[in-house]
Amino acid sequence: MQKRTVAATLAVACASSLAWGAPGDPYRPSVRWASSWKEAVEEATARNVPIFVTFHQDG
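So the working numbering is basically just the index in the sequence shown, starting at one, shifted up by 1485.
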């Protein structure tokens, strides 16, 4: 039981440290959330890249 607690604590600590990491170079190739469709189209047009749309459904 104690081993599971330690493993879970380490997993949470590692995950939270990744989430709080410093942001990288904004010009590095990456996938980010666009605030609006218009913003996504403008950025994709400027970068000459496709727009990837995903739908996630729980359950």
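Even glycine gets a Cβ: it sits at the ideal position worked out from N, Cα and C.
* Asked: Helix, strand or coil: how does DSSP classify Thr1490 here?
  -> helix
* Look up Thr1539 in the DSSP assignment and say whether it is helix, strand or coil. => coil
* **DSSP three-state assignment for Ala1525, whether helix, strand or coil** => helix
* Backbone secondary structure at Ala1519 - three-state DSSP -> coil
* Relative to the alpha-carbon of Ser1515, which residue among Trp1522, Val1526, Val1534 has its alpha-carbon at the smallest distance? -> Val1534
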